[in-house]
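Same order as they appear, the protein sequences are chains A and B. Going by the working numbering, the first sequence opens with residue 3, and the numbers climb by one from there. Going by the working numbering, the second sequence opens with residue 26, and the numbers climb by one from there. Cβ atoms here follow ideal geometry from the backbone N, Cα and C, with glycine treated the same way.
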Amino acid sequence: MATMTARILDFFDRVPRWVYIALALAFAIAFPMLEYFGLIQTLWLRVGTRVLVYVLLAVGLNLVLGETGLLHLGYVAFFAVGAYSTALLSSPRFGLQWNFWVIIAIAMGLAMLFGFLIAVPTLRLRGDYLAIVTLAFGEITRMTLNNWESLTNGPGGIPGIYPPVIFGWTVDSPMEFFYLLLVAVVIIVSLLNNIKNSRIGRAWNALREDEIAAHHSGVRPTHAKMLAVVMSSGIAGLAGAIFAYYQQFINPTYFLFMQSVIVVSMVVLGGMGSIPGAILGAVVLDATPEVIRQAFTSWLPSAVGPNFLPGVQAAMQTEFDRYRMAIFGLVIVLMVVFRPEGLLPNKLWRREVHEEDPRELEKTSQHLFDFEEGKQDLEV
Amino acid sequence: MAEEARIPLLEFRGVNTHYGRIPVLKDVNYKVYPGEIVCLLGGNASGKSTTMKTILGIVKPTTGEVFFDGAVINNMRTAERIKRGIATVPENRRLFPHLTVLENLEMGAYTRSDTAEIAADLERVYEIYPRVYERRSQRAGTLSGGEQQMVAFGRALMSRPRLIIMDEPSMGLAPALVDQSFDTIAEINKQGVAIFVVEQNATAALSIADRGYVLQNGQVVLDGLASEMLENEELKRAYLGG
Chain A
3 MATMTARILD FFDRVPRWVY IALALAFAIA FPMLEYFGLI QTLWLRVGTR VLVYVLLAVG
63 LNLVLGETGL LHLGYVAFFA VGAYSTALLS SPRFGLQWNF WVIIAIAMGL AMLFGFLIAV
123 PTLRLRGDYL AIVTLAFGEI TRMTLNNWES LTNGPGGIPG IYPPVIFGWT VDSPMEFFYL
183 LLVAVVIIVS LLNNIKNSRI GRAWNALRED EIAAHHSGVR PTHAKMLAVV MSSGIAGLAG
243 AIFAYYQQFI NPTYFLFMQS VIVVSMVVLG GMGSIPGAIL GAVVLDATPE VIRQAFTSWL
303 PSAVGPNFLP GVQAAMQTEF DRYRMAIFGL VIVLMVVFRP EGLLPNKLWR REVHEEDPRE
363 LEKTSQHLFD FEEGKQDLEV
Chain B
26 MAEEARIPLL EFRGVNTHYG RIPVLKDVNY KVYPGEIVCL LGGNASGKST TMKTILGIVK
86 PTTGEVFFDG AVINNMRTAE RIKRGIATVP ENRRLFPHLT VLENLEMGAY TRSDTAEIAA
146 DLERVYEIYP RVYERRSQRA GTLSGGEQQM VAFGRALMSR PRLIIMDEPS MGLAPALVDQ
206 SFDTIAEINK QGVAIFVVEQ NATAALSIAD RGYVLQNGQV VLDGLASEML ENEELKRAYL
266 GG
């Protein structure tokens, strides 16, 4: 059984990376066409668009959580900053309709500034303390948005956000937003992939492994962490800006603490420090609940007929959201038990958690039974 | 002595350090000359670790000066000090356990950008430690203590240091490996690298060292040639178990 799994894994490992990338990209490009030709409902295109927003958030948070190992629980705050920048500068609220690029720059810049400001006092903290402080920061941001009525209109939110105009192209259908987001995802992911393999990427991984040793190797810990936090904040700001445009209406309830938790779950589920993992995590966690809901409210009833468990159908329509979080929790617990390295771990992380990985074991056992050095190994 | 005429590679001149208001090092003076092995002895809470941290710039002196290569480095960042030629073998070695051996060695060259030279230095480390070469694609955490020690030395060498500071290099090693480990230190030293080593294992450390300092409650209470210190009756009672 174990060898079978290993053989299958090996097969997937041997397929070159670009094949997967090409397949994923081809699917993403073709996806809105399915809707265009009536093969899927518009609902799925909306789900796809939302998934892409989460993909941006997940790959952004992965920088901090996965690469650098900082548990940041206030990530949604930067998303909110980006969204509110757009809402205030492109809506009837203050009668403004600024240029798309200017707004994107402001949304990202402001989110990065917020990231920087929160990083200054908190990056000296480690582990749990950092998590608590960033959590509080996220909540403070949301409450400020909720209460600063003269600026944000409080709980009433900001309606009527104007669609973006990009080089004369007005983006106002789900399909157009899907492609806009896809372009953003491709740009951000390729940037992140380059950074991951650069010097600073190494420094982040070293910090995650052992901060003191990294410091002794010449990494500047605060500096490097700051860079990770600021960059990931900028990505959240971008996601927020496009989200606000797409949604046309935002209020503080879009930026609850739970959103931060969901994005953390996506990164953990996909595999910490793995960009493909973060993407898959976002797709799975955001699309699956929708699939389940549709299965029970539409597909199964139409397949089985009108006698299909009417109670369940009704419950799914009204109550499902209440259980969503419980299901999330269950999925994460199952993950931690059975596949702690995530769905698509990067090589490093797999090494870390699966000591019994047969390919690993081969090397280790060779080393354990190396009699020449055996005496040393036993003693140390 | 002849050494006094040369410029020390590392020098502490009247260094005092504090954690908050609590004094740790009190008016400490050390000198490490180029190519020397200097050994720092001392019991618990004597200020050994603080000495290491002060050399690296993690702790800053409240008064006094730290010189490296003739320049005051009191306010220099750790990264800059490493660039100038200070490398460490930290306490417990502190490898990056889930990075490969090769990646660990590469982290040693983090402050450098001369790719060709780094590759040459990597070859040199592999030459000194063929064992490390064999293990290069294995993750560092799976190595034996002796092998980890080699990687830690190799990582320190990768920054092309002029001074390596070592914090308890024999700690956690099997007795049979301790001697071997000190042989390695002597060998590294032969390549022209000065070594400042903090050790509990005083006999072993002094036997390869040129000079030594004894630290007690943050003060240097004894210093001299290692050979003389090995004969010192008081020291024998306190540290050498004789």
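Range covered by the alpha helix (DSSP H) that runs through residue i
{"i": "A241 (chain A)", "result": "223 to 249"}
{"i": "G170 (chain B)", "result": "170 to 182"}
{"i": "G140 (chain A)", "result": "129 to 149"}
{"i": "E152 (chain B)", "result": "140 to 153"}
{"i": "V269 (chain A)", "result": "259 to 272"}
{"i": "F102 (chain A)", "result": "102 to 124"}
{"i": "I31 (chain A)", "result": "19 to 38"}
{"i": "I294 (chain A)", "result": "277 to 296"}
{"i": "G244 (chain B)", "result": "Checking the displayed sequence, the identity of residue 244 (chain B) turns out to be Gln instead of Gly. No alpha helix (DSSP H) holds Q244 (chain B); the beta strand (DSSP E) holding it covers 244 to 250."}
{"i": "H74 (chain A)", "result": "Where H74 (chain A) is concerned, there is no enclosing alpha helix (DSSP H), given that its DSSP letter is neither H nor E."}
{"i": "T57 (chain A)", "result": "The sequence shown places Val at residue 57 (chain A), not Thr. 44 to 64 is the extent of the alpha helix (DSSP H) around V57 (chain A)."}
{"i": "R201 (chain A)", "result": "201 to 211"}
{"i": "E258 (chain B)", "result": "258 to 263"}
{"i": "Q205 (chain B)", "result": "200 to 215"}
{"i": "A230 (chain B)", "result": "227 to 233"}
{"i": "I80 (chain B)", "result": "73 to 81"}
Host beta strand (DSSP E) of residue i (start-end)
{"i": "Y55 (chain B)", "result": "53 to 57"}
{"i": "V239 (chain B)", "result": "236 to 241"}
{"i": "N195 (chain A)", "result": "That residue, N195 (chain A), is in no beta strand (DSSP E); its alpha helix (DSSP H) goes 176 to 198."}
{"i": "M191 (chain B)", "result": "188 to 192"}
{"i": "G67 (chain B)", "result": "62 to 67"}
{"i": "T88 (chain B)", "result": "88 to 93"}
{"i": "N41 (chain B)", "result": "35 to 41"}
{"i": "V114 (chain B)", "result": "111 to 114"}
{"i": "I220 (chain B)", "result": "219 to 223"}
Other residues of its chain near residue i: CB distance less than 8 Å, five sequence neighbours each side excluded
{"i": "T309 (chain B)", "result": "Because chain B in this structure spans residues 26 to 267, residue 309 (chain B) falls outside the shown range and cannot be described."}
{"i": "G110 (chain B)", "result": "F93, D94, S184, R185, P186, R187, L188"}
{"i": "G89 (chain B)", "result": "F37, R38, G39, V40, N41, D52, V53"}
{"i": "R210 (chain A)", "result": "E69, T70, G71, G275"}
Assumed close pair residue i, residue j - CB separation to whole angstroms, cut-off 8 Å
{"i": "N72 (chain B)", "j": "V49 (chain B)", "result": "According to the sequence displayed, residue 72 (chain B) carries Gly and not Asn. About 5 Å separates the two Cβ atoms, so the contact holds."}
{"i": "G283 (chain A)", "j": "A60 (chain A)", "result": "6 Å"}
{"i": "S192 (chain A)", "j": "V66 (chain A)", "result": "Contact flag wrong, Cβ pair sits at about 19 Å."}
{"i": "G279 (chain A)", "j": "G344 (chain A)", "result": "5 Å"}
{"i": "V53 (chain A)", "j": "A121 (chain A)", "result": "Not a contact, Cβ separation roughly 28 Å."}
{"i": "V2 (chain A)", "j": "A113 (chain A)", "result": "Given that chain A is displayed from residue 3 to residue 382, the structure contains no residue 2 (chain A) and the question cannot be resolved."}
{"i": "A134 (chain B)", "j": "D146 (chain B)", "result": "7 Å"}
{"i": "D204 (chain B)", "j": "A234 (chain B)", "result": "With 8 Å as the limit, D204 (chain B) and A234 (chain B) do not qualify as a contact, their Cβ atoms being about 14 Å apart."}
{"i": "I252 (chain A)", "j": "A89 (chain A)", "result": "5 Å"}
{"i": "L182 (chain B)", "j": "V150 (chain B)", "result": "6 Å"}
9 Å Cβ cutoff met for residue i and residue j
{"i": "M132 (chain B)", "j": "A215 (chain A)", "result": "yes"}
{"i": "C64 (chain B)", "j": "L231 (chain B)", "result": "yes"}
{"i": "V21 (chain A)", "j": "L258 (chain A)", "result": "no"}
{"i": "T209 (chain B)", "j": "Q174 (chain B)", "result": "yes"}
{"i": "F221 (chain B)", "j": "L81 (chain B)", "result": "no"}
{"i": "Y56 (chain A)", "j": "I264 (chain A)", "result": "yes"}
{"i": "T154 (chain A)", "j": "P165 (chain A)", "result": "no"}
{"i": "T79 (chain B)", "j": "R222 (chain A)", "result": "no"}
{"i": "Y238 (chain B)", "j": "L247 (chain B)", "result": "yes"}
{"i": "A241 (chain A)", "j": "L58 (chain A)", "result": "yes"}
{"i": "L130 (chain B)", "j": "V157 (chain B)", "result": "yes"}
Spatial neighbours of residue i in its chain, beta-carbon cut-off 6 Å, leaving aside the 5 residues before and after
{"i": "G60 (chain B)", "result": "G217, A219"}
{"i": "A133 (chain A)", "result": "L73, L75"}
{"i": "F33 (chain A)", "result": "G50"}
{"i": "G376 (chain A)", "result": "Model confidence at G376 (chain A) stands at a pLDDT of 35, short of 50, so the residue's coordinates are unreliable; what they give is reported in the following sentence. Correct list: empty, nothing qualifies."}
{"i": "M268 (chain A)", "result": "A60, G283, A284, L287"}
{"i": "G62 (chain A)", "result": "S234, I237, A238"}
{"i": "R144 (chain A)", "result": "P254, F257"}
{"i": "D359 (chain A)", "result": "Residue placement at D359 (chain A) is flagged as unreliable, the pLDDT there being 45, under the threshold of 50; the coordinate-derived value follows with that caveat. Cβ neighbours of D359 (chain A) beyond the five flanking positions: none."}
{"i": "K56 (chain B)", "result": "P33, E36"}
Below-9 Å beta-carbon distance, residue i vs any chain D residue
{"i": "L124 (chain B)", "result": "In the displayed structure, chain D is absent; the protein chains listed are A and B."}
Same chain only: Cβ atoms within 7 Å of residue i, ignoring 5 sequence neighbours per side
{"i": "G158 (chain A)", "result": "N253"}
{"i": "I168 (chain A)", "result": "F102"}
{"i": "N226 (chain A)", "result": "The question names Asn, but residue 226 (chain A) is Ala in the sequence shown. Only I202, A205, W206, L209 meet the Cβ criterion."}
> When you check each C-beta in the segment 97 to 109 of chain B against every C-beta of chain A, which residues fall closer than 8 Å?
Replying inline: Cβ contacts with chain A come from R102, T103, A104, I107, K108.
> Given a limit of 8 Å on CB to CB distance, which residues of the segment 213 to 245 of chain A reach chain B?
Replying inline: If the cut-off is 8 Å between Cβ atoms, the segment 213 to 245 of chain A has I214, A215, A216, H217, H218, S219, G220, V221, R222 near chain B.
>> Can you pull out the residues from the segment 189 to 209 of chain A whose beta carbon lies closer than 8 Å to at least one beta carbon of chain B?
In response: Those residues of the segment 189 to 209 of chain A placed with their C-beta closer than 8 Å to a C-beta in chain B are R201, R204, A205, N207, A208, ordered along the chain.
>> So if I threshold CB-CB distances at 8 Å, which residues from the segment 57 to 72 of chain A count as touching chain B?
In response: Within the segment 57 to 72 of chain A, no residue has a Cβ lying closer than 8 Å to any Cβ of chain B.
> Going along the chain, which residues of the segment 128 to 143 of chain B sit with their C-beta nearer than 8 Å to a C-beta in chain A?
Replying inline: For the segment 128 to 143 of chain B, residues whose beta-carbon sits nearer than 8 Å to a beta-carbon of chain A comprise E128, E131, M132, G133, Y135, T136.
> Closer than 7 Å, Cβ to any Cβ of chain A: which residues of the segment 212 to 242 of chain B, in chain order?
Replying inline: So nothing in the stretch comes that close.
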